[in-house]
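Under UniProt numbering, the first residue of the first sequence carries the number 1, and numbering increases by one thereafter. Every residue gets a Cβ at the ideal spot worked out from N, C-alpha and C, and that includes glycine.
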Amino acid sequence: MNTRSSWADLAANSAAESTNAGSSANNGSVGTTSGNAPTRPTYVPPHLRNRAASSDPPAAANSGPASSNDRSGYGGGSRWGVPRNDYRGGYGGGRGGWGNRGGWDRGREREVNPFGDDDETEKPLSEQENTGINFDAYEDIPVETSGDNVPPPVNTFADIDLGDALNQNIRRCKYVKPTPVQRHAIPISLAGRDLMACAQTGSGKTAAFCFPIISGIMKMQDQSAQRPPRGARTVYPLALILSPTRELSMQIHEEAKKFSYQTGVKVVVAYGGAPIHQQLRELERGVDILVATPGRLVDLLERARVSLQMIKYLALDEADRMLDMGFEPQIRKIVEQMDMPRPGLRQTMLFSATFPKEIQRLASDFLATYIFLAVGRVGSSTDLIVQRVEFVYEPDKRSHLMDLLYAQRENGVQGKQALTLVFVETKKGADSLEHWLCINGFPATSIHGDRSQQEREQALRSFKTGNTPILVATDVAARGLDIPHVAHVVNFDLPNDIDDYVHRIGRTGRAGNSGLATAFFNEGNASLARPLSELMQEANQEVPDWLARYASRPSFGGGKNRRSGGGRFGGRDFRRDSTFSRGNSDYYGGGSSGGYGSSGGYGGGHGPGVTSAWD
DNA sequence: AAAAAAC
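If you want it as structure tokens, here you go:
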């Protein structure tokens, strides 16, 4: 049963209405430019814009005075009257505060139950809200592996020897059967092979690298593995999991703690922005798996509080992000210039939803002979995420967003605002949009790198609980974060990089559920027109005519669009345009299982390869 | 050009 998220559907409906309310069908924004949309800018001030084309949902609000502030009427006196209410709710109460809220458990007996079900009471409904993966959406997924002697996939967790304790945690997590990435990646990891995996976040990636790590560490403990003397307060984790943002590290930590409950495997997280003392204390109490962001880890390494010399497992989440220009030196320092065992002496696993070939090339430095795994999107294409692109001139963006949010609220369940994640380009822009939404009666908060870590975590918590169902975010929230029930992702400012777009819209339509993604496009995004239009086509989305025209404009065919060169984008085109490098690579000799028919896989990691997991 | 990541 392909259960579609009701919130997302509502959001989709309301957005559709809103679009129609705006003006013509293919141009939801500027009323007076209807058909030929973008080419002829005719700016209509926001307060005049929606007057002419009044229609159903916004009608009531539109009857207000024609001032640019009239939108405050949307929320005035309503239940959303409290602006910035994300500051309430205290610190200890939530689930994500840092520190050892877990208490003072010394041994495994006193380990805090991360499932919160000590009495083993079944909580089917609430649990399913959190973990209910729509497995049927995974049925038809294309999967391709390449490399030598690829271990065959498994169909059930029972087919894998993960150990009793871990199996019990899998049951507690209500994981009935492995997702595609798990079916393939877990046997590969258990076989001790290095792995580069493309898989949509939210399709079970974290478990895919955590299960083998935990299982492997348990076996090492059985053999009472010798660890160096714990002198000088240095700790020696056996596994390191790196991720590009603090919140993602926290999330991985939370997940990993569930998976390792009562296994005796200790998971510790370390990230910046939080007092280091608590993290040090946690480390001193023992660590097998260290989850960390790069900066704080380097700090810990330089203080010699952590040594990597016992590392047996290295996992990079969002690996392409970790190896882009901003991060690469730091990652190289950690992986290559400290005391980490070399490739081959450790097991390395790289995961990401996107994997541009040039990043794959960098990444191969970290890997011994490895297997490449590409798992298609849930539902085999983006049909679980309805993507819309609307032409919106810069000055109209705010009022257009209001239109969407207002209509969404009107159609929401019990008048509640569906969770809406709004991406902007800059931190300043995030602050200003958040403030503007709040003073106009929309319960918004924001997350970006200039906010304190406390504020960031509180904002995320407040969004997740629906307390502030609108979250304005920079790209800090673009990757990896698993927020259930995000009905709508709005690209208020489109990113310059199509991969960032892929990650952003992946915040909705999670775990096989549906979602809606709306992008505001204008001439400033011209360089994205082609890759965006290609992505949407391949995802069976409707590409507006005006966008197709933009995409076909020769001036934007190549130069400006980043590292791409011409029609860079995505794995699909590469493969389908037979850009196969005809297998000269050492890494891709054979062993292809499943997948796109018999064409024999991609080019190798050093040649033109898969750049995206979206197929 | 911006964002992220240590103090």
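- Per the coordinates, the alpha-carbon of LEU367 lies some 23 Å from the alpha-carbon of PRO180.
- Under the DSSP definition of a beta bridge, PRO343 partners with ARG346.
- Taking C-beta separations shorter than 8 Å and ignoring five residues to either side along the sequence, the partners of GLN262 in its chain run ARG108, GLU111, ALA165, GLN168, ASN169, following chain order.
- Pairing LEU433 with VAL489 gives a Cβ-Cβ distance that is not under 9 Å.
- Here MET250 is buried. Its C-beta has 16 or more other C-beta atoms within 10 Å.
- Around the beta carbon of SER307, 16 or more other beta carbons sit within 10 angstroms, so the residue counts as buried.
- Between VAL235 and HIS253, the C-beta gap is not smaller than 9 Å, which leaves the two residues out of contact.
- DSSP lists ALA517 as the bridge partner or partners of GLN387.
- In this structure, PRO212 lies away from TYR370, with their beta-carbon atoms at least 9 Å apart.
- For the pair ARG303 and MET220, the Cα-to-Cα distance works out to about 27 Å.
- Of the other Cβ atoms in all chains shown, 16 or more fall within 10 Å of the Cβ of GLN279; this residue is therefore buried.
- The beta carbon of GLU282 lies closer than 6 Å to those of VAL268 in the same chain, with the five residues before and after it left out.
- Around the C-beta of GLU534, 16 or more other C-beta atoms lie within 10 Å, and the residue is accordingly described as buried.
- For LEU314, the three-state secondary structure derived from DSSP is strand.
- Contact between ARG246 and TYR271 holds, with the beta-carbon distance rounding to 4 Å and staying under 8 Å.
- Under the DSSP assignment, GLU144 falls in the beta strand (DSSP E) whose first and last residues are 143-146.
- For ILE470, the enclosing beta strand (DSSP E) has its first and last residue at 470-473.
- Burial check for MET310: the Cβ neighbour count within 10 Å reaches 16 or more, so the residue is buried.
- Assigned with DSSP and collapsed to three states, ASP222 falls in helix.
- Taking a C-beta distance under 9 Å as the contact criterion, GLU318 and LEU248 qualify as a contact pair.
- The DSSP assignment places complete alpha helix (DSSP H) segments of no fewer than 4 residues inside the segment 387-443 at 397-410, 427-439, in order along the chain.
- The Cβ neighbour count for GLN360, taken over all protein chains shown within 10 Å, is at least 16; the residue is labelled buried.
- Under the 8 Å Cβ criterion, the segment 493-500 counts as touching the segment 520-529, having at least three qualifying pairs.
- Contact between LEU195 and LEU350 holds, since their C-beta atoms are separated by about 7 Å, short of 8 Å.
- DSSP, reduced to helix, strand and coil, places ILE160 outside both helices and strands of the structure shown, so it counts as coil.
- LYS428 counts as exposed, since fewer than 16 other beta carbons sit within 10 angstroms of its beta carbon.
- Three or more beta-carbon pairs separated by less than 8 Å are not found between the segment 496-509 and the segment 432-451, which leaves the two stretches without contact.
- In the DSSP assignment, TYR501 falls within the alpha helix (DSSP H) that extends over 498-505.
- Boundaries of the beta strand (DSSP E) harbouring ALA239: 239-242, taken from the DSSP string.
- With a cutoff of 9 Å on beta-carbon distance, PHE372 and ASP320 are scored as not near each other.
- Contact annotation, ALA239 with ILE289: C-beta distance approximately 4 Å; criterion of less than 8 Å satisfied.
- Our two residues, GLY163 and ALA191, have alpha carbons roughly 15 Å apart in a direct line.
- A distance of 9 Å or more separates the beta carbons of GLY273 and GLN387.
- LEU166 carries a helical assignment under DSSP once its states are collapsed to helix, strand and coil.
- Under the DSSP assignment, ASP194 falls in the beta strand (DSSP E) whose first and last residues are 194-198.
- Per DSSP, the unbroken beta strand (DSSP E) holding HIS488 starts and ends at 486-491.
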